[in-house]
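Novice: Chains as they are written, first to last, in UniProt numbering: chain A, 1 to 159; chain B, 1 to 159.
Structure incoming, see below.
2 protein chains.
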Amino acid sequence: MENRLDRIKKQLHTASYKLTPQREAIVRVLLEHEAEHLSAEDVYLYIKEKSPEIGLATVYRTLELLTELKIVDKINFGDGVSRYDLRQEGAKHFHHHLVCIECGSVEEIQEDLLGEVEEIVEKNWHFQIIDHRLTFHGICRRCQEKATGGEKNKKAASI
Amino acid sequence: MENRLDRIKKQLHTASYKLTPQREAIVRVLLEHEAEHLSAEDVYLYIKEKSPEIGLATVYRTLELLTELKIVDKINFGDGVSRYDLRQEGAKHFHHHLVCIECGSVEEIQEDLLGEVEEIVEKNWHFQIIDHRLTFHGICRRCQEKATGGEKNKKAASI
DNA sequence: GTTTATGCAAACGATTTGCATCTAC
DNA sequence: GTAGATGCAAATCGTTTGCATAAAC
Numbered sequence: 001m002e003n004r005l006d007r008i009k010k011q012l013h014t015a016s017y018k019l020t021p022q023r024e025a026i027v028r029v030l031l032e033h034e035a036e037h038l039s040a041e042d043v044y045l046y047i048k049e050k051s052p053e054i055g056l057a058t059v060y061r062t063l064e065l066l067t068e069l070k071i072v073d074k075i076n077f078g079d080g081v082s083r084y085d086l087r088q089e090g091a092k093h094f095h096h097h098l099v100c101i102e103c104g105s106v107e108e109i110q111e112d113l114l115g116e117v118e119e120i121v122e123k124n125w126h127f128q129i130i131d132h133r134l135t136f137h138g139i140c141r142r143c144q145e146k147a148t149g150g151e152k153n154k155k156a157a158s159i
Numbered sequence: 001m002e003n004r005l006d007r008i009k010k011q012l013h014t015a016s017y018k019l020t021p022q023r024e025a026i027v028r029v030l031l032e033h034e035a036e037h038l039s040a041e042d043v044y045l046y047i048k049e050k051s052p053e054i055g056l057a058t059v060y061r062t063l064e065l066l067t068e069l070k071i072v073d074k075i076n077f078g079d080g081v082s083r084y085d086l087r088q089e090g091a092k093h094f095h096h097h098l099v100c101i102e103c104g105s106v107e108e109i110q111e112d113l114l115g116e117v118e119e120i121v122e123k124n125w126h127f128q129i130i131d132h133r134l135t136f137h138g139i140c141r142r143c144q145e146k147a148t149g150g151e152k153n154k155k156a157a158s159i
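Below you can see the structure in the form of structure tokens.
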């Protein structure tokens, strides 16, 4: 974990960006909450606990910076908020997501399942693929089990 | 085309929504600009040419309505604007998109290329898929040709 | 006639920006 | 010392909402 932080710091340095405590704090929060899909506001609130003087604008600016450097990926599940996801180290491609339309949970698939599909697209559409976004909308395992158990929970979350 | 409009009108009627001229105008615009990926503002401007008294709020409300009825799909390419795409008649799934990071053009893939991938996901992740969003980011054919100084690549894109 | 839809303007929330101040280098 | 980064507040932009009026049924 410490290694990973250091490597990100080096990336910033290499790209000649200054290493401010705010930037470090933001990266730390992302590392500590890797499984969640934090919005800028989420990151801001986490940091505020320890460093109350940070500004939301700085969070936005830093997240944009990290997106440019391909350290994080900016995703949008259609709810009007951008979320920021640490990219797996060395990952060429963005991972996939499973969004539950019942409970809103988001699961990640790290494997790249699109190899064959991309070959087809590159060949038949003459499109040179650089990255992809794949999200499945459906019912997660927990909600499936809930549904078959008792037909009560109906907290629809439409996208 | 006229048939399609009528069928959509019937869908509205069946769901007991009123058939207002505004709603019809919005559907017409969507039908006339099927290849584009119109934002609410785009739709608004197109309609304004012929019916200047329409309000932007009505456009938003109608597009939301059409999304609920699964007549259109709401997409987001990450530029902060929602776009609305007519769904192919009878399509169970959302079509795929090819977004060019050079020129910003958006191409559509109507075929469903995810059959096998979805089987894998349902089986290995126990996730019941209802719909999907798949977007490839890369370089479109035209921009590739531009980059290589006009290298010819005449193979037909057939499937 | 009742219910639903509309248009307008105001409200809203997420994100961006201008600017004076600060800080990493 | 200087270029770049920050914090704050104000501005911006897409979208939603309240409400009185109008139109579809």
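No residue lacks a Cβ here, since even glycine has one placed at the ideal position from N, Cα and C.
How far does the alpha helix (DSSP H) with L30/A in it extend, from its first residue to its last?
Specialist: P21 to E32
Novice: Quick one: what's got a C-beta closer than 6 Å to V81/A's C-beta in the same chain, skipping five residues either side?
Specialist: Here the set comprises S39.
Novice: Measure from the C-beta of Q144/B to each C-beta in chain A and report whether the shortest distance is under 7 Å.
Specialist: yes
Novice: What does C100/A pair with, by DSSP beta-bridge criteria?
Specialist: G138/A
Novice: Three or more beta-carbon pairs under 8 Å between the region 43-51 of chain B and the region 70-80 of chain B, yes or no?
Specialist: no
Novice: State the Cα-Cα distance for the pair R87/B and F94/B, rounded to the nearest angstrom.
Specialist: 7 Å
Novice: What does the alpha-carbon distance come out to for the pair C103/A and R142/A?
Specialist: C103/A and R142/A: Cα-Cα distance of roughly 9 Å.
Novice: So what's I8/B in DSSP terms, helix, strand or just coil?
Specialist: helix
Novice: Take the Cβ of Q128/A as the centre, count every other Cβ of all protein chains shown within 10 Å, and call the residue buried at 16 or more, exposed below.
Specialist: buried
Novice: Would you report the Cα separation of residue 163/A and E122/B, rounded to the nearest angstrom?
Specialist: Given that chain A is displayed from residue 1 to residue 159, the structure contains no residue 163/A and the question cannot be resolved.
Novice: Rounded to whole angstroms, what is the Cα-Cα separation between D6/B and K50/B?
Specialist: So the alpha carbons of these two residues sit roughly 21 Å apart.
Novice: Apart from the five residues on each side of it in sequence, which residues of its chain come closer than 7 Å, Cβ to Cβ, to L65/B?
Specialist: Closer than 7 Å at Cβ, skipping near neighbours: Y17.
Novice: Mind listing the chain A neighbours of N135/B? Cutoff is C-beta to C-beta under 7 Å, in chain order.
Specialist: It should be noted that the sequence gives Thr, not Asn, for residue 135/B. Within chain A, the residues H132 and R133 have their CB atoms less than 7 Å from the CB of T135/B, given in chain order.
Novice: Starting from the C-beta of V29/A, find all residues in its chain whose C-beta is less than 8 Å away, skip the five residues before and the five after it, and write them out in chain order.
Specialist: L38, V43, Y46 and I47
Novice: Taking the beta carbon of D79/B as the centre, do at least 16 other beta carbons fall within 10 Å, making it buried, or is it exposed?
Specialist: exposed
Novice: Excluding the 5 residues preceding and the 5 following A25/B in the sequence, name in chain order all residues of the same chain whose CB lies nearer than 8 Å to its CB.
Specialist: Result list for A25/B: I47, K50, S51 and I54, in chain order.
Novice: If you measure beta-carbon to beta-carbon, which residues of the region 116-130 of chain B are closer than 7 Å to chain A?
Specialist: V117, I120, V121, W125, H126, F127, Q128, I129 and I130
Novice: Between L134/A and L12/B, is the Cβ-Cβ spacing less than 7 Å?
Specialist: Cβ atoms of L134/A and L12/B: not closer than 7 Å.
Novice: Can you tell me the Cα-Cα spacing of A91/B and Y84/A, whole angstroms?
Specialist: Near 31 Å, if we compare the C-alpha coordinates of Y84/A and A91/B.
Novice: Where does V59/B fall in DSSP's three states?
Specialist: helix
Novice: Which residues, in order along the region 40-73 of chain A, keep a beta-carbon less than 9 Å from a beta-carbon of chain B?
Specialist: Answer set for the region 40-73 of chain A: empty.
Novice: Which value, in whole angstroms, describes the spacing of the CA atoms of residue 163/B and I8/B?
Specialist: No answer is possible for residue 163/B: it lies beyond the span of chain B, which begins at 1 and ends at 159.
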